[in-house]
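The sequence shown begins at 24 in this note's numbering and counts up one residue at a time. Below: one structure, written as structure tokens.
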Amino acid sequence: MDGVPAQRRPGVAEEPVALRFGVLGPVRAWRGGEPLATGSPQQRALLAALLLREGRTATAAQLIDALWGAEPPSQALAAVRTYASRLRKALHPDVLVSESGGYAIRSVGDGALDLAVAQDLAADAEKARGAGDPGRARQLLGRALELWDGEALAGVPGPYAETQRVRLEEWRLQLLETRLDLDLEQGCHAEAVSELTALTAAHPLRERLRELLMLALYRSGRQAEALAVYADTRRLLADELGVDPRPGLRELQQRILTADPRLAEPSAPATEPPAPPVRPAQLPATVPDFTGRTSFVTELSEVLASAEGRVMAVSAVAGIGGVGKTTLAVHVAHQARSAFPDGQLYVDLQGAGPRAAEPETVLGSFLRALGTPDSAIPDSLQERAALYRSVLDGRRVLVLLDNARDAAQVRPLLPGTEGCAALVTSRARMVDLAGAHLVDLDVMSPDEALSLFTKIVGEERVAAEREAALDVVAACGFLPLAIRIAASRLAARRTWTVSVLAAKLADERRRLDELQAGDLAVKATFELGYGQLEPAQARAFRLLGLADGPDISLAGAAAVLDLTAEETEDLLESLVDMSLLESAAPGRYRYHDLVRLYARACAERDEHPPSEQGTAMSRLLDFYLATAAGVYAIERPGDRLVDHLAATDRPGLTFPDHASARDWLYTEANCLLAFARQCAGRPDSLRRAIDLLWAAHDLSESGANSREYEATAKALLDAAQQVGVAQEEARALMTLAHAHLDAGRFDMADREAEQVIRRAREAADLLPVCWAHNARGVIALYQNRNSEGEEHLSQAIEHFRTLGDRPGEASALCNLSRIHLATGRTQSAVTLAQEGMEIYDLMGNSMRGANGRYALGMALTQSGQLDAAADRLLEALAVFRDSRQRLWEGMTLFRLAEVDIAGRRFPQAAANAEMALTVLRGIGGEWRRANVLTVLGRALSGIGHTGRAQVCWQEAVRVYEELDSPEATEVRALMTPLRAA
């Protein structure tokens, strides 16, 4: 094998040789995973000619014509024979065979040639599309296109290779057009714009690509750019070929002009069956022991059954907590499923908690469940509600809105179309929900209550002690949830009799006096489970409910309870078993909103000493601060912030690497920010809460939690200003200034940073002074106040050096580099950025080192060192993506587009700018978006898409004018030459 034939035993056939060949790129061959030598370009041309004949014999004359055309050399036949002999030795005598004076490639298995694999995939894709499965067709075409490795038959000489190269490239483009068409059918409009922009630049006369680009832009809400593409195409065709666009392109332009509503929907070919509509089935499981409520079930079922002839049927079920509203609604909804064949939607609106679900968030979830792609879901509540009603039009869908806060929360979630219905549960009667059928759900009758108790405990045990069982359900106030909890406890304790449970419940000290009054009925229900807890369990139940947040981690709970992780897990799992706590995910726990309220009431009533509540909260704050500081130190080695944070009495978690530290921060983001906001009301915790927010600044800068971060910063600043401690106020101002700077609200950030300097100096707290000067320098740069910016950054450098904060010094040096760039001092800008980057690298600070590379890339771009600039920016981009820093990822793509423009690589510049717009969507602010639009316009102008360029610049000018930014004048100057042309 591999050139050394093994000895054969008589009568035993040689094992087949596993060979693979490639022609969709350089002509190559492999045996297994090992590449084979395919010889000179002419020898590879011979191999390609044979492979492309798919096993058919090629005569010597045909091969000579393929390699040399009409003027072959005198020894052409001998050369062909020599090439064939060499290939036979390299491959196998059974693979390249001689017959009838010619040659053929035989004895290779299916899938041995990449072209054949691509043809099979394309055929399968066509079948899938014809069968109404565009998603699979799109996947198969993607796999086919991935087989290309550059130009087909690359470097292979001869007229035959050239003809086949042209054929294969045309086929590749056809496959690409089909895949892009499927992208648009699947709703991936925004994602397709970047690829289509580059393709139309590479193939400017290919009208189908232009048509797809127009459609993608239109469906992305960019109508003006779509029309500009048509104008650019018409002008190009007239100039280059003297023809008009084909009728299909002209028709598309007219449909865009008239806003044809059919264009807004992906349109498959008429021969394809429509994709089956998404039919959500989100109803929770109904309880198997549902009991009683016969009249209510009948009443609600009749209302839902009337949905077909009404604009919309709405039933609102109200009652105290624990009365069984959700159980009844889910049971009725399951019975009515057949009347709503297009699906059932469900959401818990968390109306009884401190932060109810936002309607726009719920609408986003509903739209996804109904098959709407993320790219088509608008941002505002009004637009989402309108799209939601449009999607439901013509469908028969049941919507179950559970645990609503009030009518205002519910109204945007109502379908509003004939054939649909909504079922709402709430603790409040929704008298202001127009047209709703209101149902007030009361406690169970004694018979219903006893029946439910019997189903859970068992007929035999209840029959033997019927009177005791009646005493139990009466002590539960006939409240279904209370009965279910009591019965479940009894069912789990085989040694207890019903009389034992009845005797326990007879003790009124174990129940609240206000059993039937408002929320107290809910508390009485949970008192049954709480009264059965061991002291350690009861303490855990009380204390873990104190902290705000959607859930709590095992490590966080251990901090609250001041126990080991093992002890804490045992307690929490026992509470899960008793239905007083839920297991949200492995290692994470949460309360139902009503149970949390009850747990807090227990803490107020039972915790001794009362100060233990504050102590438990303090332990959790110490845990969050110490762990966040550890993450900050891992992400930013050498940064002195961790040395200037408030001291903690409890250690945090430790992490083996950057990835696990970063995962903790983003996993805990919602809990951490909610708890920090809660600490705004505790003066003794305020300094640590502010420092926690500062250490978690990545949550703002990444864009992932920027709104929550900003809201928390505002709450902490309000609290700090009320307390009046200069250091706390300065640090809270610094966190808010960071948030506003990240969001592009520069004037606000500048005012806050100015106050930071004043208040921090009063407190002799130098670190906020450093960062405030650094921030003000950046803001001054953005606002073209370069002298002022240089002064601030020089002071920042001086202060950072005083503190020995090398990463802070590097940050200010990199920002000062940008001031030098803006004022024409290019060489010193390169030097400063290089110095900053080297400090970061010396400290091992990879994430901030990416910021240094970003600054150096900008300076190198302006100095004309474009390759080096691109290298630095690509290094930065990789780090920002790995660190989940969306803001900096988008800005780095923007800077790469600037490098591409400087190098006159306009198609690549357009692609990078489009990606930057996508990444920065919703973060970074309007000023940064206008900067990207300006560069995108320059790239589009460079590839001849002047109409689209004008649209981009017009939008950029509008933003700059709204912000009163001087860049508006520069962009108008870009537009003037195009208008003159």
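We put the beta carbon where it would ideally sit given N, CA and C, even for glycine. Keep in mind it's a predicted model, so treat the numbers as computed, not measured.
- Distance check between P180 and each of G92, H115, E149, R195 places G92 closest, using alpha-carbon atoms only.
- D172 sits in coil when the DSSP states are folded into three classes, being neither helix nor strand.
- Beta-bridge annotation (DSSP): R768 is not paired with any residue.
- Membership of P58 in the beta strand (DSSP E) is indicated by the continuous run 57 to 59.
- Annotation for D137: no beta strand (DSSP E) segment contains it, though the alpha helix (DSSP H) segment containing it runs 137 to 153.
- When rounded, the separation of the alpha-carbon atoms in Q745 and A991 is 41 Å.
- Burial is judged here by how many other beta carbons sit within 10 angstroms of a residue's own beta carbon; L228 has fewer than 16 and is exposed.
- For L191, the enclosing alpha helix (DSSP H) starts and ends at 182 to 208.
- Secondary structure at A379: coil, using DSSP grouped into helix, strand and coil.
- Annotated three-state conformation of R871 is helix, per DSSP.
- The Cβ-Cβ distance between C975 and L963 falls below 8 Å.
- Judged by DSSP secondary structure, T825 falls outside any beta strand (DSSP E) and instead within the alpha helix (DSSP H) spanning 809 to 826.
- When DSSP reads this structure, W53 sits in a beta bridge with R43, P58.
- Residue pairing for V447: DSSP places it in a beta bridge opposite A339, L424.
- If you draw a straight line from the Cα of P116 to the Cα of L176, it is about 24 Å long.
- No Cβ-Cβ contact shorter than 8 Å links E775 with L790.
- Residues E724, S725, G726, D765, L943, I946, G947 of the same chain have their beta carbon placed closer than 8 Å to that of L910, with the five preceding and five following residues left out of the count.
- Annotated three-state conformation of G965 is helix, per DSSP.
- Boundaries of the beta strand (DSSP E) harbouring H460: 460 to 463, taken from the DSSP string.
- Closest by C-alpha distance to Q142, out of P632, I279, R195, is R195.
- Within the DSSP secondary-structure output, D371 pairs in a beta bridge with D425.
- Put simply, the backbone Cα of E814 is about 47 Å away from that of R407.
- Using a Cβ distance threshold of 8 Å, A427 and T448 count as a contacting pair.
- Around the beta carbon of R507, 16 or more other beta carbons sit within 10 angstroms, so the residue counts as buried.
- The alpha-carbon separation between Q850 and Q857 amounts to approximately 11 Å.
- In terms of Cβ geometry, L232 and L240 do not form a close pair [threshold 8 Å].
- When rounded, the separation of the alpha-carbon atoms in L956 and D255 is 18 Å.
- According to the DSSP assignment, I128 belongs to the beta strand (DSSP E) that extends over 125 to 128.
- Assignment of A760 by DSSP, reduced to helix, strand and coil, places it in the helix class.
- A Cβ-Cβ contact shorter than 8 Å links A651 with L688.
- A contact between stretches requires three or more CB pairs, one per stretch, nearer than 8 Å, and the segment 729 to 748 meets this requirement with the segment 689 to 705.
- For R231, no beta strand (DSSP E) segment is defined; the enclosing uninterrupted segment is the alpha helix (DSSP H) at 230 to 242.
- Going by DSSP, A515 is part of no beta strand (DSSP E) but of the alpha helix (DSSP H) stretching over 503 to 515.
- When the five nearest sequence neighbours on each side are left out, the beta carbons in the same chain lying within less than 8 Å of the beta carbon of A60 are those of A113, in order along the chain.
- For the segment 899 to 941, the continuous alpha helix (DSSP H) assignments of 4+ residues that do not extend past its boundaries occur at 909 to 925, in sequence order.
- Residue S338 holds the alpha-carbon nearest to the alpha-carbon of V326 among S318, T317, S338, R316.
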